[in-house]
Amino acid sequence: MAGGVGSRFWPSSRSSHPKQFLDILGVGKSLLQLTYERFLNLCPSEHIFIVTNGIYRELVKEQLPALTDNQILCEPSRNNTAPCIAYAALKIQGLDPNANMIVAPSDHVILQEGAFLEALREGLAFTAAHDALLTLGIQPSRPDTGYGYIHFERTAAEGRVHAVRQFTEKPPLEQAQAFLASGDYLWNAGIFVWRVQSVMDAFRHHAAAIYDILGKGREVYNTPAEQAFIDTYYPSTPNISVDFAIMEKAANVYTIPSSFGWSDLGTWASLFAESPKDGQGNAALASAHLLDDTTDCLIKARPEKLVVIKGLHDFIVVDEPDALLIYPKNKEQEIKNVTESVKQRFGDRYL
135 MAGGVGSRFW PSSRSSHPKQ FLDILGVGKS LLQLTYERFL NLCPSEHIFI
185 VTNGIYRELV KEQLPALTDN QILCEPSRNN TAPCIAYAAL KIQGLDPNAN
235 MIVAPSDHVI LQEGAFLEAL REGLAFTAAH DALLTLGIQP SRPDTGYGYI
285 HFERTAAEGR VHAVRQFTEK PPLEQAQAFL ASGDYLWNAG IFVWRVQSVM
335 DAFRHHAAAI YDILGKGREV YNTPAEQAFI DTYYPSTPNI SVDFAIMEKA
385 ANVYTIPSSF GWSDLGTWAS LFAESPKDGQ GNAALASAHL LDDTTDCLIK
435 ARPEKLVVIK GLHDFIVVDE PDALLIYPKN KEQEIKNVTE SVKQRFGDRY
485 L
């Protein structure tokens, strides 16, 4: 899935070039390219499909030239994750009715790829043998209120696979602290494994509107008529996440408790957490910098620019050619709202 805007990563992430297409980590590859290469360890390139907004088709083709046009699924509207997953599942089902399928965001960081691939292989084996909807759950390291939580059964159903008791959307801090203390909860990483038949059965039972609308296109998926059908019908699908649409309602949901150095890189603070620091706790993602009496800051600048800072503590500093962000790190959840203020005052010029 590569259709998001990444507004919490403004001003680097823009609507015309969002964060999944950026070299956020400074490794010479975009998050999308890193995700694509990660999955080449599980399947050949021709089995990888990218769901994105239609305006990013050329960006995907530019960054992943090995993909054919049929592997790039272009949404005409942003209707959240449930419709895009149903669209991809129906398309894959048309190619192989017995296919096993992994759904993953394009912009996550996985530091321990071996452990990640091992968990996915175990998940694929389980869903191949069972009518199951499986999600990878992340062992929580802190009471984070920015993630959804998975309440799982302590006794494993098979191997490392556990039945899921309940999903809880982003909880208040006190509840998140209780979840962490109990040991029965995992972070919901939004990485799913299932057979296409299992997930389409779930849509039929729990999200009939999506199933009925997109199911009309079974005869045109993987043909030249596919895009015209999607352009016509996709915008009328309900705007809803896959968690709300099916995962919170289905009875056949399972999880694998996992730990593989995961971050959803949802915010500048999460990038700060994953970045190397100097002796003063600064993550300076700039080629040349002089920092004096400056601690615990994230500093991201253009490689050709010298950055000199004195007396700044616990701030985010992001420099782009047409915008400069200087913002308290402990208030960085407000940045998404900042983009709304920018839009109201300046239109789309800086977005």
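First residue of the sequence shown? That's 135 in the numbering used here, and the numbers climb one at a time after it. Heads up, the beta-carbon is just placed ideally off N, CA and C, and yes, glycines get one too.
Inset, instruction - Tell whether a beta-carbon distance below 8 Å holds between Ile-347 and Thr-366. - result: Translated into the one-based positions of the sequence shown, residue 347 becomes position 213. Translated into the one-based positions of the sequence shown, residue 366 becomes position 232. Judged by beta-carbon spacing, Thr-366 lies beyond the 8 Å limit of Ile-347, meaning their Cβ atoms are not closer than that value.
Inset, instruction - Alpha carbon to alpha carbon, how far is Ala-420 from Lys-103? Give it in angstroms, no decimals. - result: Residue 103 is absent from the model: the chain starts at 135 and stops at 485.
Legend entry - Residue range of the beta strand (DSSP E) that includes Tyr-221: Counted from its first residue, the sequence shown places residue 221 at position 87. Careful: Tyr-221 lies outside any beta strand (DSSP E), inside the alpha helix (DSSP H) at 215 to 229.
Inset, instruction - Measure the Cβ-Cβ separation of Asp-412 and Ala-418 and say whether it is below 8 Å. - result: Locating residue 412 in the sequence shown gives position 278, where the first residue counts as 1. Locating residue 418 in the sequence shown gives position 284, where the first residue counts as 1. Yes; because the gap between Cβ atoms is below 8 Å, this pair is in contact.
Legend entry - Nearest-angstrom Cβ-Cβ length linking Asn-464 and Asp-448, presumed shorter than 8 Å: As a first step, residue 464 must be located in the sequence shown, where it is residue number 330. As a first step, residue 448 must be located in the sequence shown, where it is residue number 314. Yes, Asn-464 and Asp-448 are in contact; Cβ-Cβ is about 6 Å, under 8 Å.
Legend entry - Candidates Gly-228, Gly-160, Phe-260, Lys-383: closest to Arg-436 by CA position: By one-based count along the sequence shown, residue 436 stands at place 302. Answer by Cα proximity: Gly-160.
Legend entry - Cross-strand partners of Trp-321 (DSSP beta bridge): The residue given as residue 321 occupies position 187 in the sequence shown. Listed as beta-bridge partners of Trp-321 by DSSP are Ile-272, Tyr-283.
Inset, instruction - Could you tell me which residues DSSP pairs with Arg-148 in its beta bridges? - result: By 1-based counting over the sequence shown, the position of residue 148 is 14. Arg-148 pairs with His-151.
Inset, instruction - Would you check if the distance between the CB atom of Phe-326 and the CB atom of Thr-269 is smaller than 8 Å? - result: To locate residue 326, count along the sequence shown from 1; it is residue 192. To locate residue 269, count along the sequence shown from 1; it is residue 135. Yes, Cβ-Cβ distance for Phe-326 and Thr-269 is below 8 Å.
Inset, instruction - Would you list the one or two residues that DSSP bridges to Trp-396? - result: Stepping through the sequence shown from its first residue, residue 396 is reached at position 262. Note: Trp-396 sits in a beta bridge opposite Ile-244.
Inset, instruction - Determine which residues share a DSSP beta bridge with Gln-300 and list them. - result: Looking up residue 300 in the sequence shown gives position 166. Per DSSP, His-285.
Inset, instruction - On a CA-only basis, which of Arg-172, Glu-209, Ile-184, Gln-197 is nearest Ala-120? Give me that one, please. - result: Since the first residue shown for the chain is 135 and the last is 485, residue 120 is missing from the structure and cannot be characterised.
Legend entry - DSSP state of Ala-238 mapped onto helix, strand, coil: Translated into the one-based positions of the sequence shown, residue 238 becomes position 104. Correct three-state label for Ala-238: coil.
Legend entry - Proximity below 8 Å, CB of Gly-280 to CB of Glu-303: For the purposes of this step, residue 280 is taken as residue 146 along the sequence shown, with counting starting at 1. For the purposes of this step, residue 303 is taken as residue 169 along the sequence shown, with counting starting at 1. No, the pair does not count as a contact, with Cβ atoms beyond the cut-off.
Legend entry - Per-residue DSSP class, three states only, for Ala-457: Sequence index remark: in the sequence shown, residue 457 carries index 323 (1-based). The three-state secondary structure of Ala-457, taken from DSSP, is strand.
Inset, instruction - Spell out a yes or no on whether the region 386 to 401 and the region 260 to 278 are touching, meaning 3 or more CB-CB pairs, one atom from each, closer than 8 Å. - result: Contact holds: three or more Cβ-Cβ distances are below 8 Å.
Legend entry - For Ile-184: DSSP bridge partner residues: In the sequence shown, counting from the first residue as 1, residue 184 sits at position 50. Looking at the DSSP assignment, Ile-184 forms a beta bridge with Ile-206.
Legend entry - Nearest-angstrom beta carbon gap, Leu-459 and Ile-450 [assumed within contact, 8 Å]: Counting from one through the sequence shown, the residue named residue 450 turns up at place 316. Counting from one through the sequence shown, the residue named residue 459 turns up at place 325. About 7 Å; that satisfies the 8 Å criterion.
Inset, instruction - Indicate the three-state DSSP secondary structure (helix, strand or coil) for Arg-294 in the structure shown. - result: What you label residue 294 is simply residue 160 of the sequence shown in a count that begins at 1. In the three-state scheme derived from DSSP, where H, G and I count as helix and E and B as strand, Arg-294 is classed as coil.
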